[in-house]
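Trainee: My questions will all concern the structure given below.
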């Protein structure tokens, strides 16, 4: 059974810092991995999707990398801002279908002004 | 339009009440989902509809009854809920073509409290 772990559970950084969020998974036979952002009491917003054949994806200040062989992904946030404060979740798909995502528990990020 | 709209945003109900959650999308997506999320936990899949047919039921108690009237609408009917059912209920949709780039689009959720 696929297990997805995100450490740390919470992270607090001063504004302007570059930071890295971690995601690890136990079964390396994944089709893709997605990073989501969730604001308190709100739904999830897809940030980046990395296919199994890719090593990284970039969107603005965000860069996600994937190392299938080691079962790890990182989300790099450059020049963090208070507006980046949210919970970040990663999710992996073993089948290629969005129906069968396994989510991590998330990292709650607070960026202090 | 890349939105999934959920109503109501908040709902308080007693254990004997019957209520419904509603979800709507106009992106032409053919798969729609219900997730349940407790505080500080990841979303848990409840149901998946594909082309308006129920394709996945993750052993959800019968007090939760999903309905997909058409490809744009998804309802979740609630009856005789328990206080432990209090949670954020999230609707999501996807194209359902099974490709490696298939993304989930989530609504903002309904925060449900059962008294």
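Residue numbers (this note's numbering), protein chains in the order written: chain B, 1 to 113; chain A, 1001 to 1115.
Even glycine gets a Cβ: it sits at the ideal position worked out from N, Cα and C.
Could you have a look at residue 67(B) and say whether DSSP puts it in helix, strand or coil?
Mentor: Position 67 of the first chain, counted from the first residue, corresponds to residue 67(B). Here residue 67(B) sits in strand by DSSP.
Trainee: How about residue 109(B) and residue 84(B): are their beta carbons less than 8 Å apart?
Mentor: Counting from 1 along the first chain, the entry for residue 109(B) is found at position 109. Counting from 1 along the first chain, the entry for residue 84(B) is found at position 84. Yes.
Trainee: With a threshold of 8 Å between beta-carbons, can residue 1(B) be considered close to chain A, or not?
Mentor: The residue labelled residue 1(B) in the question sits at position 1 within the first chain. By this cut-off, residue 1(B) is not an interface position.
Trainee: By the three-class DSSP mapping on this structure, what secondary structure does residue 100(B) have?
Mentor: Counting from one through the first chain, the residue named residue 100(B) turns up at place 100. In the structure shown, residue 100(B) sits in a helix (DSSP, three-state: H, G or I).
Trainee: Based on Cα-Cα distance, which residue from 113(B), 97(B), 89(B) lies nearest to residue 1041(A)?
Mentor: For this step, residue 1041(A) is matched to residue 41 along the second chain. Selected option, being the one with the closest Cα: 89(B).
Trainee: Does the distance from the CB of residue 80(B) to the CB of residue 68(B) come in under 8 Å?
Mentor: In the first chain, the residue the question calls residue 80(B) occupies position 80. In the first chain, the residue the question calls residue 68(B) occupies position 68. Taking the C-beta atoms as reference points, residue 68(B) is found no nearer than 8 Å to residue 80(B).
Trainee: Please name the residue in 1022(A), 1029(A), 1059(A) whose C-alpha comes closest to that of residue 98(B).
Mentor: In the first chain, the residue the question calls residue 98(B) occupies position 98. The option with the nearest alpha carbon to residue 98(B) is 1029(A).
Trainee: Output the boundary residues of the beta strand (DSSP E) element that contains residue 1066(A).
Mentor: By one-based count along the second chain, residue 1066(A) stands at place 66. 1064 to 1070 is the span of the beta strand (DSSP E), which, as asked, contains residue 1066(A).
Trainee: By Cβ distance below 6 Å, which residues in the same chain neighbour residue 1067(A) in space, the five residues on each side in sequence not counted?
Mentor: The residue you call residue 1067(A) lines up with position 67 of the second chain. Result list for residue 1067(A): 1075, in chain order.
Trainee: Between the alpha carbons of residue 72(B) and residue 64(B), how many angstroms are there, rounded?
Mentor: Translated into positions along the first chain, residue 72(B) becomes position 72. Translated into positions along the first chain, residue 64(B) becomes position 64. Residue 72(B) and residue 64(B): Cα-Cα distance of roughly 11 Å.
Trainee: Can you tell me the Cα-Cα spacing of residue 29(B) and residue 103(B), whole angstroms?
Mentor: The count along the first chain starts at 1 and reaches residue 29(B) at position 29. The count along the first chain starts at 1 and reaches residue 103(B) at position 103. C-alpha separation (whole angstroms): 15 Å.
Trainee: Measure the Cβ-Cβ separation of residue 1037(A) and residue 1115(A) and say whether it is below 8 Å.
Mentor: Residue 1037(A) sits at position 37 when you count from the first residue of the second chain. Residue 1115(A) sits at position 115 when you count from the first residue of the second chain. No, the Cβ-Cβ distance between residue 1037(A) and residue 1115(A) is not below 8 Å.
Trainee: Please go through the same chain and pick out, in chain order, the residues whose beta-carbon is closer than 7 Å to the beta-carbon of residue 111(B), but skip the five residues on each side of it.
Mentor: Here the question's residue 111(B) lines up with position 111 in the first chain. Contacts found: 13, 15, 80, 81, 82, 84, 85.
Trainee: Taking Cβ positions only, does residue 1025(A) come closer than 8 Å to chain B?
Mentor: Stepping through the second chain from its first residue, residue 1025(A) is reached at position 25. Residue 1025(A) does not count as touching chain B.
Trainee: Using the beta-carbon count (16 or more within 10 Å), is residue 1014(A) buried or exposed?
Mentor: Within the second chain, the letter at position 14 stands for residue 1014(A). Classification for residue 1014(A): exposed.
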